[in-house]
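Protein chains in written order, with our numbering: chain F, 18 to 252; chain G, 18 to 252. Yeah, the Cβ is synthetic: ideal placement off N, Cα and C, and Gly gets one too. Note that the coordinates shown come from a computational prediction; the quantities given were computed from them, not determined experimentally. Following: one structure in structure tokens, then a few remarks.
Number of protein chains: 2
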Amino acid sequence: MDHPRGHTEPGAEADGELESLVARVPIFSGLDHGQIREIAARVQPRIVPRNEQLYGAGDVNPYLRIIHTGTVKVYRITESGHEQVLRVLGAGDFLGEKALISPSVSDHFAVTLTEAEICSLEHAAIRDYLLRYPSVALTMLETLSARLGSTEEQVSAIAGEDAASRVATYLVGLAEELKRNSVALPITKKDVASFLGLTPETLSRRLAGFEDNGWIHQQGNRRIDILDLEALRLV
Amino acid sequence: MDHPRGHTEPGAEADGELESLVARVPIFSGLDHGQIREIAARVQPRIVPRNEQLYGAGDVNPYLRIIHTGTVKVYRITESGHEQVLRVLGAGDFLGEKALISPSVSDHFAVTLTEAEICSLEHAAIRDYLLRYPSVALTMLETLSARLGSTEEQVSAIAGEDAASRVATYLVGLAEELKRNSVALPITKKDVASFLGLTPETLSRRLAGFEDNGWIHQQGNRRIDILDLEALRLV
DNA sequence: CGAGTCCTTGACGGCCCTCAATTAGTGTGG
DNA sequence: CCACACTAATTGAGGGCCGTCAAGGACTCG
């Protein structure tokens, strides 16, 4: 966030910031300056505190939300009360696309895990942009398609792999994503367990097992040093 | 499929058929006649025999395929050899959208379960249409979003519900979809088991249990009469 | 600093997977 | 159209993995 005019007056200043903010959102990349400005004009930015629910099951949520900073957890609660973490979204990701065209009742929850800067766009407005700037729609299609792919992976991992394998694959993925051997879990271990279709107890036991094997080292509740990536890949 | 001119000459005949065929595809609904004709001109229809693989893991598959008649099974095979059925597609559904924008290597398989009439469109062509007819992109977005939703349901069911509950929910869903109490499984029980994250043995036992309870009646390998829908809902 | 949540560790039980053998059904070829 | 071969489905026995319940300890955040 640069402040070219060196002051913090809300008016023109905020607009300039907004534009550079919109320009950095992946689904709007490729638009020219005028198009960016048009979108920025309809965007409602907001600083959302930690642990705030953006929407819940039963809501008719009329906004497409774009995360500029911070992380958001998306989860479902089944009829029988089981909480299932579906994904964790970060900077540049969007949510709320479910009811984009035909408004429908949401069946899942979205909660901020950290303080977050989130822009909201009314579905009617986004629809309008998608019709006028089809490249945005194409990028959204690509993103949704990738998201579908990773949810499919989640299905086959939960159905077909044992606990140790799921935990190991998760750690390897995290390390590759961050390109580091010391990783911080983006969510609590409880939520990681839910994401992997496990109980917290089982996750704890598997991690303890990996530590006994000398493959990882845990410090605190969130940080894990990966000592033997190859061993984890082979689990 | 009517043959208004009473002959099967491939030329103009096939084009007329093609247009009405394209017009019936959900993602092209809402386009006018000229637009339909333009798309029909680039479409390659083909009758695919039963049990033919449309694409497999490792393929770089450059076609978006649209199913006009017949059914197609989409599945994944994990590193450890587990086969996971992801979905079954029927008339009006499309597949092969994964590599629509950035070509990527497929990691799953698509096989016809019946003889099928399938249209192929090159990705380059579909991209072009999406940019010119954004309403098509919007419909695709909606479809992908719905598909994501049902895959998310699959995740939470496999992770959170026991075998009996998953089987019961599946049967109820099938009955509601077909609006009948006597349903034919769209796939073998083996594949249903895979879809539900179970082994065939467990599925067989749960169905036998339902039959003992007087909730269903099985005849042959595919047909199931549902005698007590409410009981199944409460499992 | 303190309260509440998260995490860990242990014991135990049950659900579902595995392995194996038989039966039923389906689709193919003569 | 029927027979046959092969795959699908069923049923049984046994065992292992993971969930459940419970309690103590650690961490985090207000």
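Chain order gives the chain G residues near F:Ile175 as Val172, Ile175, Ala176 and Gly214, where near means a beta carbon separation below 8 Å. Contact of G:Ser152 with chain F by beta-carbon distance below 8 Å involves Leu148.
With respect to G:Val189, G:Ile241 sits apart: the two C-beta atoms are not nearer than 8 Å. Secondary structure note for G:Phe212: its alpha helix (DSSP H) is the uninterrupted segment Lys206 to Phe212. Non-local beta-carbon contacts of F:Pro66 in its own chain, meaning distances under 6 Å to residues more than five positions away in sequence, involve Glu132 in chain order. Only residues of its own chain outside the window of five on either side were considered, and among them Trp232 have a CB closer than 6 Å to the CB of G:Asp245, listed in chain order. Closest in alpha carbon position to G:Ala163, among F:Ile118, F:His50, F:Ser211 and F:Lys196, is F:Ile118. Exposed is the label assigned to G:Ile64, since fewer than 16 other Cβ atoms lie within 10 Å of its Cβ. Where F:Leu220 is concerned, the enclosing alpha helix (DSSP H) starts and stops at Pro217 to Asp229.
Contact between F:Leu103 and F:Ile143 does not hold, since the beta-carbon distance rounds to 21 Å and is not under 8 Å. In the three-state reduction of the DSSP assignment, F:Pro151 falls in the helix class, which pools H, G and I. Secondary structure in the stretch 86–158 of chain F: the alpha helix (DSSP H) runs of 4 residues or longer, each lying completely within the stretch, are 140–149 in chain order. Between F:Asn198 and the set F:Ile243, F:Glu169, F:Ser182 and F:Glu159, the nearest pair of CA atoms involves F:Ile243. Straight-line spacing of the CA atoms in G:Pro120 and G:Pro79 works out to 8 Å. Within chain F, the residues placing a beta-carbon under 7 Å from that of G:Lys115 are Ser162 and Gly166, ordered along the chain.
Annotated as distal: F:Ala185 and F:Val105, with beta-carbon spacing of 8 Å or more. Of G:Asn68, G:Glu247 and G:Lys115, the smallest CA-CA separation from F:Glu169 is found for G:Lys115. Shown in chain order are the members of the stretch 93–110 of chain G whose Cβ falls below 7 Å from a Cβ of chain F: Arg93, Thr95, Ser97, His99, Gln101 and Leu103. Just measuring C-alpha positions, the residue of G:Glu134, G:Glu247 and G:Pro217 sitting nearest G:Asn238 is G:Pro217.
Distance from the CA of F:His234 to the CA of F:Leu224, rounded to the nearest whole angstrom, comes to 9 Å. A buried status is given to F:Val91, since no fewer than 16 other beta-carbon atoms sit within 10 Å of its beta-carbon. Close partners of F:Leu158 in chain G (Cβ separation under 8 Å): Glu114, Leu117, Ile118, Leu147, Ala154, Met157, Leu158 and Leu161. If you check the CB distance, F:Ser173 and F:Glu100 do not come in under 8 Å. It is roughly 17 Å from the alpha-carbon of F:Ile53 to the alpha-carbon of F:Ala141.
Distance between G:Glu193 and F:Leu165, taken at the CA atoms: about 25 Å.
Under the Cβ criterion of 8 Å, F:Glu169 is counted among the residues facing chain G. The C-alpha of G:Leu147 is placed about 6 Å away from the C-alpha of G:Val153. Excluding residues up to 5 positions away in sequence, Thr129 lie with their Cβ nearer than 6 Å to the Cβ of F:Glu69 in the same chain.
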